[in-house]
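Visitor:
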Amino acid sequence: MAYFMTESAHLSFIHAADFHLGSPFKGIGRLAPHAASFLAEATYKAFDNLINEAVERNVDFVLCAGDLLDLEDRNLRALLHLRRGFKRLQEHGIRVYVVHGNHDPYEIMSKSVEFPENVFVFPPRQEEWIQTFGRNGMPVSIWGASFKKKAEKRNLVRLVPALSAEGYKIGLLHCTVGSGGGHDPYAPCQVSDLRAGRCDYWALGHIHKKNVVSSQPLAVYSGNIQGRSFKEQGPRGCFVVEVREDAESSCTFFETCVVKWHEESVDVSHISTLAELMDKMYERVNGLRAASEPCGLICRIRLEGICSFHESIYANDSLDQLTEELNACFDNQSPLLLVAGIENHSIPATDMEKRKKAGDLVSYVLREADRLEIDPNKLTGSEGPLAQLFQNRRFAKFGIALDEDDAKQIVLAAQHLLLHLLEHPDK
Ligand SMILES: [Mn+2]
């Protein structure tokens with residue numbers, strides 16, 4: 153396929169970030185060999201897609217906004233693959249500008265790899281703008297600053313050189329704008345800093361979800377090129393930016409990922425058996441698979457609604473067996489389809505209010521559960537029923553906190569399970 157530059161564009165470049173080359177996928181448990189090998193290649197293939205796109209579009213340069221790989225993994229293949237991709241760009245006369253982030257800090261990266269000559273890596277302190285030109289001779293100035301170490305505390309935006317720069321100005325940074333939404337708040341800054349920062353385009357990395365932080369000037373997170381867990385659902389890729397002679401710019405997203413993560417809700421209200429549920433899930437997953445092609449899909453199913461066959465869901469690890477069966481239906485298919493699990497959030501059809509009034513032991517227990525004070529802090533505190541889980545060091549790493557709604561859901565699910573166990577002690 154050939155791409156043609158918009159006629160009026162005097163400059164075009166790709167902005168990408170957070171490749172995390174070679175890093176593992178999370179939250180999918182044990183995998184069949186074909187799935188495991190496909191996923192082991194996913195970040196590399198997404199990176200190859202990015203390089204192909206740059207070559208086909210014949211852009212002027214590629215901006216890489218940090219976390220190109222996870223140095224913690226000490227993955228030599230990832231380093232070599234990165235260098236090979238950049239060499240391919242060199243063969244096509246495409247320049248590369250790089251800053252390093254918390255996963256590939258400058259101090260370690262600069263000792264680990266020698267990039268080809270078309271690659272310019274911004275050090276942690278860059279005093280001057282780098283001058284270059286677009287294809288039609290349009291002057292461009294680029295400035296960036298790498299993380300020196302993992303925990304970068306500086307507000308890097310404030311380091312923009314005070315000296316004036318020529319032409320279209322680009323800032324390249326790995327940083328946290330605002331609160332960071334759950335990412336480590338390294339290199340913190342505010343939108344107001346970016347606005348004051350004398351750039352026409354801020355190419356940002358670190359936040360994995362694509363986001364246009366500001367439109368005037370343009371400040372953009374391109375997101376990561378390949379999602380690696382259910383926290384990173386949907387399409388992943390980068391932006392191609394085209395700039396007109398009057399410095400007016402447009403940015404277009406394109407996908408690079410080879411597999412997408414997706415959680416699908418299935419309403420069980422109009423289903424009465426596990427076999428019907430199986431058919432409905434198959435149909436739904438098959439539709440999702442077709443829609444995401446040529447990209448693969450890792451999905452998780454969330455059962456919702458009022459369920460008339462709750463008993464069978466609890467019995468004999470039904471959900472694990474349904475998951476296995478679904479995966480068997482799509483086994484060895486290309487592109488990859490993987491059902492990572494089925495989560496039950498449905499409510500049993502039993503009339504709980506009526507059941508609570510029956511006057512027997514079960515109804516007494518259910519009423520006692522109703523009287524529980526639902527305070528998330530008490531549930532997770534040192535005396536609470538979830539204390540052991542929340543004090544576990546490995547669990548604590550995930551930084552999960554319960555709000556009141558979560559606490560209510562947990563108590564409600566416990567009531568349903570309790571009802572099931574008391575009425576069917578043999579299952
Ligand atoms: Mn980062």
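The sequence shown begins at 153 in our numbering and counts up by one. Note that beta-carbon positions come from the ideal geometry of N, C-alpha and C, so glycine has one too.
Under the rule that 16 or more other beta-carbon atoms within 10 Å means buried, what is R388, buried or exposed?
Guide: Counting from one through the sequence shown, the residue named residue 388 turns up at place 236. Buried, because 16 or more other Cβ atoms sit within 10 Å of the Cβ of R388.
Visitor: Given this structure, state the Cα-to-Cα distance separating R396 from T408, to the nearest angstrom.
Guide: Sequence index remark: in the sequence shown, residue 396 carries index 244 (1-based). Sequence index remark: in the sequence shown, residue 408 carries index 256 (1-based). When rounded, the distance between both Cα atoms is 25 Å.
Visitor: When DSSP labels each residue in this structure, what does L474 get in the three-state scheme?
Guide: Mapped onto the sequence shown, residue 474 falls at position 322. Of the three classes helix, strand and coil, the one that applies to L474 here is helix, per DSSP.
Visitor: Less than 8 Å separating the beta-carbons of P291 and E318?
Guide: Translated into the one-based positions of the sequence shown, residue 291 becomes position 139. Translated into the one-based positions of the sequence shown, residue 318 becomes position 166. Contact flag set, yes.
Visitor: Which complete beta strand (DSSP E) runs does the region 423-489 hold, if anything under 3 residues is left out?
Guide: Fully enclosed beta strand (DSSP E) runs of 3 or longer: 448-456.
Visitor: Classify I552 as buried or exposed, calling it buried when 16 or more other Cβ atoms lie within 10 Å of its own Cβ.
Guide: One-based indexing of the sequence shown puts residue 552 at position 400. With fewer than 16 other Cβ atoms within 10 Å, it is exposed.
Visitor: Among all residues, which have a Cβ less than 5 Å from at least one non-hydrogen atom of ligand 1, and in what chain order do they fall?
Guide: The answer, residue by residue, is D219, G253, N254 and H358.
Visitor: Can you grab the Cα-Cα spacing for the pair L114 / F213, in whole Å?
Guide: In the structure displayed, the chain extends from 153 to 579; residue 114 sits before or after that span and is not available.
Visitor: Near I458, which residues of its chain fall below 8 Å by C-beta distance, leaving aside the five closest residues on each side in sequence?
Guide: The count along the sequence shown starts at 1 and reaches residue 458 at position 306. Only V420, S421, S498, I499, P500 and A501 meet the Cβ criterion.
Visitor: Kindly list the residues whose CB is nearer than 6 Å to the CB of S460, restricted to its own chain and excluding five residues on each side of it in sequence; keep chain order.
Guide: Start at 1 with the first residue of the sequence shown, and residue 460 comes out as number 308. Here the set comprises S424 and A501.
Visitor: At the level of alpha carbons, what is the spacing between K361 and E384?
Guide: In the sequence shown, the residue the question calls residue 361 occupies position 209. In the sequence shown, the residue the question calls residue 384 occupies position 232. Each residue's Cα considered, the two are about 7 Å apart.
Visitor: Which same chain residues end up closer than 7 Å to F285 when comparing Cβ atoms and leaving out the 5 residues on each side of it in sequence?
Guide: For the purposes of this step, residue 285 is taken as residue 133 along the sequence shown, with counting starting at 1. Around F285: P291 and V292.
Visitor: Would you report the Cα separation of A339 and V251, rounded to the nearest angstrom?
Guide: Position 187 of the sequence shown holds residue 339. Position 99 of the sequence shown holds residue 251. When rounded, the distance between both Cα atoms is 13 Å.
Visitor: By the DSSP assignment, the beta strand (DSSP E) with T608 in it spans what residues?
Guide: Residue 608 lies beyond the residue range present for the chain, which begins at 153 and ends at 579; the question has no answer from this structure.
Visitor: Hey, how far is the Cα of G379 from the Cα of L518?
Guide: Mapped onto the sequence shown, residue 379 falls at position 227. Mapped onto the sequence shown, residue 518 falls at position 366. C-alpha separation (whole angstroms): 42 Å.
Visitor: Within the chosen definition, does the region 400-415 reach the region 196-204 through at least 3 CB pairs nearer than 8 Å?
Guide: Because the criterion of three Cβ pairs below 8 Å is met, the region 400-415 and the region 196-204 touch.
Visitor: Can you find at least 3 beta carbon pairs, one from the region 234-249 and one from the region 187-195, that sit closer than 8 Å?
Guide: No contact exists between the region 234-249 and the region 187-195.
Visitor: Give the DSSP bridge partners of E318, in chain order.
Guide: Along the sequence shown, one-based indexing puts residue 318 at 166. According to DSSP, which records beta bridges pairwise, E318 is partnered with nothing at all.
Visitor: With a threshold of 8 Å, are at least 3 pairs of Cβ atoms found where one atom belongs to the region 211-228 and the other to the region 527-535?
Guide: Contact fails: fewer than three Cβ-Cβ distances are below 8 Å.
Visitor: List in chain order: all unbroken alpha helix (DSSP H) runs of 4+ residues lying wholly within the region 232-299.
Guide: If we require 4 residues or more, the alpha helix (DSSP H) runs fully inside the region 232-299 come out as 258-264.
Visitor: With a 10 Å radius around its C-beta and 16 neighbouring C-beta atoms as the bar for buried, classify D222 as buried or exposed.
Guide: For the purposes of this step, residue 222 is taken as residue 70 along the sequence shown, with counting starting at 1. Its Cβ being crowded by 16 or more others within 10 Å, D222 is buried.
Visitor: Starting from the C-beta of T475, find all residues in its chain whose C-beta is less than 6 Å away, skip the five residues before and the five after it, and write them out in chain order.
Guide: Here residue 475 refers to the residue found at position 323 when the sequence shown is read from its first residue. For T475, where only same-chain residues beyond five positions count, the Cβ hits under 6 Å are V491, G493 and I494.
Visitor: Mind checking which residues open and close the beta strand (DSSP E) that includes S164?
Guide: Sequence index remark: in the sequence shown, residue 164 carries index 12 (1-based). A161 to A168 is the span of the beta strand (DSSP E), which, as asked, contains S164.
Visitor: Where does F391 sit, in a helix, a strand or coil, going by DSSP?
Guide: Here residue 391 is taken as the residue at index 239 of the sequence shown, counted from 1. It is a strand residue.
Visitor: In chain order, what residues of the same chain lie with their CB nearer than 6 Å to the CB of E394, ignoring the 5 residues before and after it?
Guide: Working through the sequence shown from its first residue, we reach residue 394 at position 242. Within the same chain, E394 has close Cβ partners T158, A161, S164 and S402.
Visitor: Please identify the residue among G181, I246 and H186 whose C-alpha is closest to the C-alpha of I203.
Guide: The residue you call residue 203 lines up with position 51 of the sequence shown. Checking every option, the nearest Cα to that of I203 belongs to I246.
Visitor: Ordered along the chain, which non-local residues of its own chain (more than five positions away) have a Cβ less than 7 Å from that of D112?
Guide: Any property of residue 112 remains undetermined from this structure, which presents the chain solely from 153 to 579.
Visitor: Indicate the three-state DSSP secondary structure (helix, strand or coil) for A187 in the structure shown.
Guide: The residue you call residue 187 lines up with position 35 of the sequence shown. Reduced to three states, the DSSP call for A187 is helix.
Visitor: Which runs of the alpha helix (DSSP H), 4 residues or longer, sit entirely within the region 496-579?
Guide: Counting only runs of 4 or more, we get 504-508, 513-523, 528-532, 539-542, 545-548 and 556-575.
Visitor: Along the alpha helix (DSSP H) that carries S175, what are the first and last residues, could you check?
Guide: As a first step, residue 175 is located in the sequence shown; it is residue number 23 there, counting from the start. It is not in any alpha helix (DSSP H) - S175 carries neither H nor E in the DSSP assignment.
Visitor: Considering just the uninterrupted stretch of the alpha helix (DSSP H) at S367, what are its terminal residues?
Guide: The residue given as residue 367 occupies position 215 in the sequence shown. Segment N363 to S367 is the beta strand (DSSP E) holding S367; no alpha helix (DSSP H) there.
Visitor: When you compare only the Cα positions, how much space is there between H244 and F267?
Guide: Residue numbering aside, residue 244 sits at position 92 when the sequence shown is read from its first letter. Residue numbering aside, residue 267 sits at position 115 when the sequence shown is read from its first letter. Cα-Cα distance, rounded: 16 Å.
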